[in-house]
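Worksheet: one structure, shown below.
Number of protein chains: 2
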Amino acid sequence: MNHLADLVAALPAGRVLTDPDVAGAYARDQTFLPPGTPLCAVVAESRDDVVTTLRWATEHRVPVVPRGAGTGLAGGATAVEGCVMLSMIRMTAVRELSPADEIAVVEPGVITADLDRAARAHGLMYAPDPSSYEISTIGGNLATNAGGLRCVKYGVTRDSVLGLEVVLPDGRVLATGRRTMKGVTGYDLTGLFVGSEGTLGVITAATLRLRRAPETPPATFAAEFPSLRAAGDAVAAIIAAGCRPSLLELMDRNTLKAIDDWKNIGLEPGVRAMLIGQSDDGVPGAAERMAALCEENGATFVAATSSPDEAEELIGVRRLAYQAKERLGTCLVEDVCVPRSALPVMISEIEAAAERHGALISTVAHAGDGNLHPVFIFERGLAEPPPHVWAAADDVFRAALRLGGTLTGEHGVGVLKRRWLDLERGEVSGDVQRGIKNVFDPLGIMNPGKAI
Amino acid sequence: MNHLADLVAALPAGRVLTDPDVAGAYARDQTFLPPGTPLCAVVAESRDDVVTTLRWATEHRVPVVPRGAGTGLAGGATAVEGCVMLSMIRMTAVRELSPADEIAVVEPGVITADLDRAARAHGLMYAPDPSSYEISTIGGNLATNAGGLRCVKYGVTRDSVLGLEVVLPDGRVLATGRRTMKGVTGYDLTGLFVGSEGTLGVITAATLRLRRAPETPPATFAAEFPSLRAAGDAVAAIIAAGCRPSLLELMDRNTLKAIDDWKNIGLEPGVRAMLIGQSDDGVPGAAERMAALCEENGATFVAATSSPDEAEELIGVRRLAYQAKERLGTCLVEDVCVPRSALPVMISEIEAAAERHGALISTVAHAGDGNLHPVFIFERGLAEPPPHVWAAADDVFRAALRLGGTLTGEHGVGVLKRRWLDLERGEVSGDVQRGIKNVFDPLGIMNPGKAI
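Quick note, the sequences are listed as chains A and B, same order. Straight run, no breaks: the first sequence in my numbering ends on number 758. Straight run, no breaks: the second sequence in my numbering ends on number 758.
Right, dumping it as structure tokens:
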């Protein structure tokens with residue numbers, strides 16, 4: 307452990323946490339995977355701290371697992387045996403916020419919703435809004451290329467990133483991208499780091515694109531359907547009509563039932579799905595137009611409003627979804643994405659998999675993007691999902707791929723999805739990705755065993 | 307030349323053009339750089355043709371320069387000595403166009419505007435619209451990550467690409483990306499290929515994102531300004547007001563004068579800049595609102611219209627810009643991009659460089675993106691730009707970098723910008739990019755000497 311003493315000596319006091327219980331608190335994310343035992347945790351406060359830590363890790367061949375708030379759902383930030391858990395949570399500076407250029411330069415520990423609020427003070431917004439955005443960090447969002455509810459209009463995290471500052475495993479500092487809206491000098495290294503789950507280097511700053519915040523509150527609708535197929539048709543009709551929703555969320559019967567059992571929302575027996583949508587374009591009648599398309603496609607109940615309070619009530623139902631499910635057991639939150647037209651078929655496939663394996667699955671979907679979160683609910687107290695849950699998940703993943711979809715829309719591969727990875731990417735892609743990993747991290751110390 | 311006989315034998319009849327004059331016709335793009343002499347040209351008609359050609363090239367270590375329509379402005383598709391010019395112009399299939407999923411799968415030889423027209427038949431559009439889009443190909447647009455006039459609202463080519471099929475130099479076929487709107491399985495190889503200027507492999511198909519076409523014709527305005535600073539202020543005001551223009555083009559006095567000398571547009575003596583903009587949001591009064599913001603910022607004349615014919619007249623002035631300049635001499639079309647707030651300063655820098663070196667520069671800008679095209683006009687008949695032009699260009703590039711900008715917003719590095727490349731990207735980035743190049747192209751046969 308002399309190595310560790312070197313690290314403690316090289317960093318300012320208090321940065322290295324060597325007490326096993328303390329370091330252990332940094333060892334897991336929101337997955338139930340049993341983590342390895344970290345050697346220590348380092349809580350970085352500056353780029354220099356990161357450089358020092360990585361140089362030391364390179365010298366001594368110690369694996370490094372970077373982490374933000376630990377809200378990940380795929381195991382990307384779980385400890386590997388003997389690693390340094392490198393927490394970025396204290397690097398919280400907003401280095402710059404330029405309303406004129408509509409950009410912000412931030413450190414990775416900034417909470418996503420905090421950046422959004424800082425931007426709104428200038429009439430701007432930071433668009434990416436993963437469900438965790440009140441507690442997750444920009445750095446974690448970058449590592450997984452996080453999505454969110456507003457993606458359907460504003461795109462994923464990648465679409466809001468212009469440039470990065472990255473510390474490579476050997477301690478060199480790499481600047482990628484630029485401050486400008488456009489630019490094609492050299493390969494797109496920015497895109498390479500976004501979504502790389504900490505396997506190539508550690509992001510210490512990001513130049514992010516802000517957007518004009520809508521001037522009026524969004525118009526909101528909700529609709530209940532007697533079948534998932536009808537709800538899927540309504541989604542297609544809304545997109546085809548050019549409604550440009552800024553949010554379009556689908557909940558299945560199991561989700562609605564879990565919410566109803568908890569909060570008594572008056573769920574009618576025949577309701578099989580609910581769609582909730584918003585438009586922030588400021589076009590009068592936008593919510594009513596989407597609601598009318600739902601009715602044309604078989605909705606049995608619709609409501610539309612421009613009142614923020616009423617909107618909050620409708621959206622509030624969606625916000626309860628995860629908590630309602632957690633009341634029923636331990637949740638494995640999954641994340642497949644299919645071409646939008648395949649959404650109804652994918653939901654049927656999920657239902658069939660649930661029945662086939664006797665699994666309880668309840669699904670919410672970012673419907674406008676074809677991104678589904680089937681939540682597998684199982685008995686509390688188990689260390690990991692039981693075999694019938696994995697068997698159902700396996701069916702769901704294979705169905706998504708068969709429908710032209712992907713294993714993960716916005717959560718990342720982490721550890722959880724690695725065993726399915728080669729079904730999607732093929733051999734050549736795997737070779738190329740390992741080659742790229744080797745360019746940045748020839749010793750394989752950056753978050754080994756994750757993502758690729 | 308036995309090697310060449312092998313290639314001729316391996317490909318279907320007619321694919322290999324060995325006559326030096328015929329092959330030479332494929333040797334250059336729209337730059338005036340003297341190209342090398344190609345060994346031959348191959349006009350591929352299928353992915354198999356590309357695989358055969360690259361396998362042969364790998365076996366015999368022959369450089370390969372892929373090309374589309376040859377409309378590039380940075381020399382990316384100019385021949386290197388003894389290379390195969392690999393033309394993709396005959397791979398023109400639209401393999402799929404799905405209105406439900408809003409995607410198209412196309413081969414690289416498809417003309418960009420043709421895809422846009424095919425999409426519009428379904429109420430959709432293909433958003434990227436480089437000025438060359440009636441003659442340039444999707445493959446060429448992908449290679450340079452082409453921009454265009456609509457970028458200000460819809461982003462660059464990268465923002466419309468979901469996945470690629472690529473033949474690697476050793477003949478292996480790589481599939482990148484996906485058909486879905488979101489996805490984070492593995493590193494972003496799609497982004498890596500877009501803008502890589504043919505240095506990593508040859509794109510043989512692309513899955514592209516289409517968008518809903520606006521339902522009403524765009525609303526258009528034009529405004530004349532007594533100073534560039536005033537026009538720059540108007541741009542800032544339009545963006546800050548959340549107008550979301552779908553086009554926002556700036557022309558300087560030299561550009562207007564060239565157009566006036568040719569077509570007599572009645573240019574007033576005091577006019578130093580013109581701004582032309584459009585909104586396709588369908589919001590009533592959108593053009594009038596932008597025009598009013600121009601007036602508030604000092605415009606001496608404004609016009610706004612929703613009539614397609616009148617719009618065509620206003621936009622027509624912008625369309626004449628390049629041809630008007632070509633009447634005056636040979637044009638070096640440059641392509642710097644700066645943060646939007648630096649646009650007026652950058653224009654002043656361009657004017658100062660012109661005066662300092664006695665160069666004639668006339669500038670158009672995609673103003674909403676901060677992307678400027680200073681066009682250096684010099685004496686016809688010269689093989690390449692004279693020293694005073696390069697000296698002025700050097701000043702312009704350095705000024706753009708000083709202002710936080712980039713050497714190229716949408717044309718690429720090609721050959722023309724290589725000597726300035728290290729000023730922008732720094733040593734670590736150069737190392738990493740060469741490392742990535744080596745993963746895909748260890749023999750260095752793909753478009754050597756270009757881009758990185």
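Beta carbons are placed, not taken as given, at the ideal position from N, Cα and C, and that holds for glycine. None of the values given here were measured: they were computed from a predicted structure.
Pro575 (chain B) classed as buried or exposed, judged by whether at least 16 other C-beta atoms fall within 10 angstroms: As a working note, residue 575 (chain B) is residue 269 in the second sequence. Classification for Pro575 (chain B): exposed.
By Cβ distance, which residues of its chain are closer than 8 angstroms to Ala519 (chain B), with the 5 residues on each side in sequence left out? Your numbering for residue 519 (chain B) matches position 213 in the second sequence. For Ala519 (chain B), where only same-chain residues beyond five positions count, the Cβ hits under 8 angstroms are Ala425, Arg426, Gly429, Leu430 and Met431.
Using a Cβ-Cβ cut-off of less than 9 angstroms, list which residues of the segment 440–458 of chain A approach chain B; keep chain order. Thr450, Asn451, Ala452, Gly453, Cys457 and Val458
Please list the partners that Glu730 (chain A) has in chain B, where partner means a Cβ-to-Cβ separation under 7 angstroms. Within the first sequence, residue 730 (chain A) is the residue found at index 424, counting from 1. What Glu730 (chain A) touches in chain B: Thr491.
Please state if the CB of Thr418 (chain A) and the CB of Ile444 (chain A) are separated by a distance shorter than 8 angstroms. The count along the first sequence starts at 1 and reaches residue 444 (chain A) at position 138. The count along the first sequence starts at 1 and reaches residue 418 (chain A) at position 112. For Ile444 (chain A) and Thr418 (chain A), yes; Cβs fall inside 8 angstroms.
Could you please give the first and the last residue of the uninterrupted beta strand (DSSP E) stretch that includes Thr526 (chain B)? The count along the second sequence starts at 1 and reaches residue 526 (chain B) at position 220. Thr526 (chain B) -> beta strand (DSSP E) spans Ala525 to Phe531.
Which same chain residues, not among the five before or five after Asp407 (chain A), have their C-beta less than 8 angstroms away from its C-beta? Residue mapping note: residue 407 (chain A) aligns to position 101 of the first sequence, counting from 1. Taken in chain order, the residues that qualify are Arg485.
Is any beta-carbon of chain A found at less than 8 angstroms from that of Met487 (chain B)? Indexing the second sequence from 1 puts residue 487 (chain B) at position 181. Chain A contact via Cβ: present.
Between Ala671 (chain A) and chain B, is the shortest Cβ-Cβ distance under 8 angstroms, so that the two count as touching? Along the first sequence, one-based indexing puts residue 671 (chain A) at 365. So no, Ala671 (chain A) is outside the interface.
Quick check for students: name the residue ranges of the alpha helix (DSSP H) that lie wholly in the segment 407–480 of chain A, counting only runs of 4 or more. 418–426, 444–450 and 457–460
Since Arg373 (chain A) is in the beta strand (DSSP E), which residue starts that stretch and which ends it? Here residue 373 (chain A) refers to the residue found at position 67 of the first sequence. Run containing Arg373 (chain A): Val370 to Arg373, per the beta strand (DSSP E) assignment.
Please report whether the beta-carbon of Ser466 (chain B) lies at a distance below 8 angstroms from any beta-carbon of chain A. Locating residue 466 (chain B) in the second sequence gives position 160, where the first residue counts as 1. So, not an interface residue.
Per-residue burial, Asn570 (chain A) [other beta carbons within 10 Å of its own, 16 or more giving buried]: As a working mapping, residue 570 (chain A) is identified with position 264 in the first sequence. Asn570 (chain A) is exposed by the Cβ-count criterion.
Count Cβ pairs between the segment 439–459 of chain A and the segment 721–732 of chain A that sit closer than 8 angstroms; are there 3 or more? no
Using a threshold of 8 angstroms, state whether the C-beta atoms of Leu581 (chain B) and Ala547 (chain B) are closer than that. The count along the second sequence starts at 1 and reaches residue 581 (chain B) at position 275. The count along the second sequence starts at 1 and reaches residue 547 (chain B) at position 241. Cβ distance not < 8 angstroms, so Leu581 (chain B) and Ala547 (chain B) don't count as in contact.
Name the DSSP beta bridge partners of Phe607 (chain A), please? By 1-based counting over the first sequence, the position of residue 607 (chain A) is 301. Its beta-bridge partners are A:Glu530.
Where the segment 681–706 of chain B meets chain A: residues whose CB sits under 8 angstroms from a CB there: none
Residues of the segment 644–672 of chain A with a CB closer than 9 angstroms to any CB of chain B: list them in chain order, please. Val644, Pro645, Arg646, Ser647, Ala648 and His672
Between the C-alpha atoms of Ala609 (chain A) and Phe527 (chain A), what's the straight-line distance to the nearest angstrom? As a position in the first sequence, residue 609 (chain A) is number 303, starting the count at 1. As a position in the first sequence, residue 527 (chain A) is number 221, starting the count at 1. The alpha-carbon atoms of Ala609 (chain A) and Phe527 (chain A) are separated by roughly 5 angstroms.
Ignore the nearest five residues each way along the sequence and tell me which others in Ala525 (chain A)'s own chain have a CB closer than 6 angstroms to its CB. Position 219 of the first sequence, counting from 1, holds the residue named residue 525 (chain A). For Ala525 (chain A), where only same-chain residues beyond five positions count, the Cβ hits under 6 angstroms are Ser585, Ala592, Ala593 and Ser612.
Based on DSSP bridge pairs, tell me the residues matched to Ser794 (chain A). Since the first residue shown for chain A is 307 and the last is 758, residue 794 (chain A) is missing from the structure and cannot be characterised.
Give every residue of the same chain whose Cβ lies closer than 6 angstroms to the Cβ of Ala630 (chain B), excluding the five residues on either side of it in the sequence, and list them in chain order. Taking the first residue of the second sequence as position 1, residue 630 (chain B) is located at position 324. Ala564, Ile565 and Trp568, listed in sequence order.
With 16 as the cutoff for other CB atoms within 10 Å, does Val412 (chain A) come out buried or exposed? Locating residue 412 (chain A) in the first sequence gives position 106, where the first residue counts as 1. Val412 (chain A) should be labelled buried.
What first and last residue would you give for the alpha helix (DSSP H) that runs through Arg686 (chain A)? To locate residue 686 (chain A), count along the first sequence from 1; it is residue 380. Per DSSP, Arg686 (chain A) belongs to no alpha helix (DSSP H) and is neither H nor E.
Looking only at DSSP bridge pairs, what is Ile667 (chain B) linked to? Against the second sequence, residue 667 (chain B) aligns to sequence position 361. Partner(s): B:Phe682.
Would you say Glu555 (chain B) and His672 (chain B) are within 8 angstroms of each other, going by their C-beta atoms? Taking the first residue of the second sequence as 1, we reach residue 555 (chain B) at position 249. Taking the first residue of the second sequence as 1, we reach residue 672 (chain B) at position 366. Yes, Cβ-Cβ distance for Glu555 (chain B) and His672 (chain B) is below 8 angstroms.
Do the CB positions of Ser466 (chain B) and Ala511 (chain B) come within less than 8 angstroms of each other? Indexing the second sequence from 1 puts residue 466 (chain B) at position 160. Indexing the second sequence from 1 puts residue 511 (chain B) at position 205. Going by C-beta atoms, Ser466 (chain B) is not nearer than 8 angstroms to Ala511 (chain B).
Candidates B:Cys346, B:Arg708 and B:Lys459: closest to Leu553 (chain B) by CA position: Position 247 of the second sequence, counted from the start, is the residue given in the question as residue 553 (chain B). Of the candidates B:Cys346, B:Arg708 and B:Lys459, the one whose C-alpha sits nearest the C-alpha of Leu553 (chain B) is B:Lys459.
Could you work out which residues of chain B lie near Gly548 (chain A), taking near to mean beta carbons separated by less than 7 angstroms? Residue mapping note: residue 548 (chain A) aligns to position 242 of the first sequence, counting from 1. The contacting residues are Arg518 and Glu521.
Answer with buried or exposed for Leu688 (chain A), where buried requires no fewer than 16 other C-beta atoms within 10 angstroms of its C-beta. Translated into the one-based positions of the first sequence, residue 688 (chain A) becomes position 382. With fewer than 16 other Cβ atoms within 10 Å, it is exposed.
Does the contact criterion of 3 or more C-beta pairs under 8 angstroms hold for the segment 726–737 of chain A versus the segment 465–482 of chain A? no
Where His717 (chain B) falls: helix, strand or coil (DSSP): Translated into positions along the second sequence, residue 717 (chain B) becomes position 411. Correct three-state label for His717 (chain B): coil.
Taking Cβ to Cβ, would you say Pro650 (chain B) is nearer than 8 angstroms to Gly711 (chain B)? Start at 1 with the first residue of the second sequence, and residue 650 (chain B) comes out as number 344. Start at 1 with the first residue of the second sequence, and residue 711 (chain B) comes out as number 405. It is not a contact, given that the beta carbons lie outside the stated cut-off.
Which residues, in chain order, does the segment 406–429 of chain A contribute to contact with chain B at a C-beta distance below 9 angstroms? Ala406, Asp407, Glu408, Ile409 and Gly429
Do Leu392 (chain A) and Val508 (chain A) come within 8 angstroms of each other at the CB atom, strictly closer than that value? Indexing the first sequence from 1 puts residue 508 (chain A) at position 202. Indexing the first sequence from 1 puts residue 392 (chain A) at position 86. Taking 8 angstroms as the Cβ cut-off, Val508 (chain A) and Leu392 (chain A) qualify as a contacting pair.
Any beta carbon of chain A sitting closer than 8 angstroms to that of Ile571 (chain B)? By 1-based counting over the second sequence, the position of residue 571 (chain B) is 265. No - not a single Cβ of chain A is within 8 angstroms of the one on Ile571 (chain B).
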